[in-house]
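See structure below.
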Amino acid sequence: MAMASARHLLVDSEELCNELKARIEAGEDFAALAKEYSSCPSGQQGGELGRFGRGQMVPEFDRVVFSAPVNTVQGPVKTQFGYHLLEVTSRQD
0 MAMASARHLL VDSEELCNEL KARIEAGEDF AALAKEYSSC PSGQQGGELG
50 RFGRGQMVPE FDRVVFSAPV NTVQGPVKTQ FGYHLLEVTS RQD
């Protein structure tokens with residue numbers, strides 16, 4: 000079974016999501032921004048979601064996590080919860 004570890008940051012608007020992605024790409028710390036901005040409880044752990052299998056997350060999230068390059072920030076990814084930045088930290092296919 001495919002397994003992955005990832006972290007994410009969840010916000011209400013695509014605009015803020017894009018702004019935070021640019022800040023991360025410019026060198027700011029993903030975990031620190033997740034703690035400050037993410038509306039998901041995981042934000043307090045720097046956005047860490049732990050290990051999970053395919054199909055355990057919403058489909059939009061799942062597609063990115065199981066196809067994106069590891070250690071590359073992806074997004075904005077829109078789900079029913081809002082706009083996510085995702086970073087796959089490890090994956091075993």
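So the sequence shown is numbered by numbering that gives the first Met the number 0: it starts at 0 and just counts up by one. We put the beta carbon where it would ideally sit given N, CA and C, even for glycine. This structure is a prediction, so every number in the text was calculated from the model and none was measured.
Legend entry - Beta-carbon contacts of S4 that lie in its chain and below 6 Å, excluding the five residues immediately before and after: Taking the sequence shown and counting its residues from 1, the one referred to as residue 4 is at position 5. Around S4, the same chain offers R50, T88 and S89 as residues with beta carbons nearer than 6 Å, after the five sequence neighbours per side are excluded.
Inset, instruction - Locate the beta strand (DSSP E) running through A5, then write down its first and last residues. - result: Here the question's residue 5 lines up with position 6 in the sequence shown. M2 to V10 is the span of the beta strand (DSSP E), which, as asked, contains A5.
Inset, instruction - Would you kindly work out how many angstroms separate the C-alpha atoms of A30 and G46, rounded to a whole number? - result: Walking along the sequence shown from the start, residue 30 turns up at place 31. Walking along the sequence shown from the start, residue 46 turns up at place 47. Going by the C-alpha atoms only, they are around 6 Å apart.
Inset, instruction - Let me know if G74 comes out buried or exposed under the rule of 16 or more other beta-carbons within 10 Å of its beta-carbon. - result: The residue labelled residue 74 in the question sits at position 75 within the sequence shown. G74 comes out buried.
Legend entry - Exposed unless 16 or more other CB atoms sit within 10 angstroms - verdict on G94: Residue 94 is absent from the structure shown; the chain starts at 0 and stops at 92.
Legend entry - Limits of the unbroken beta strand (DSSP E) element including E86: In the sequence shown, residue 86 corresponds to position 87, counting from 1. Segment G81 to Q91, the beta strand (DSSP E) holding E86.
Legend entry - E86, buried or exposed, once every other Cβ within 10 Å from all chains shown has been counted against 16: Position 87 of the sequence shown, counted from the first residue, corresponds to residue 86. The residue is buried, with at least 16 neighbouring Cβ atoms inside 10 Å.
Inset, instruction - Starting from the C-beta of C16, find all residues in its chain whose C-beta is less than 7 Å away, skip the five residues before and the five after it, and write them out in chain order. - result: Taking the sequence shown and counting its residues from 1, the one referred to as residue 16 is at position 17. Taken in chain order, the residues that qualify are V10, G74, P75, Y82 and L84.
Inset, instruction - Could you have a look at F65 and say whether DSSP puts it in helix, strand or coil? - result: Taking the first residue of the sequence shown as position 1, residue 65 is located at position 66. Coil at F65, not helix or strand.
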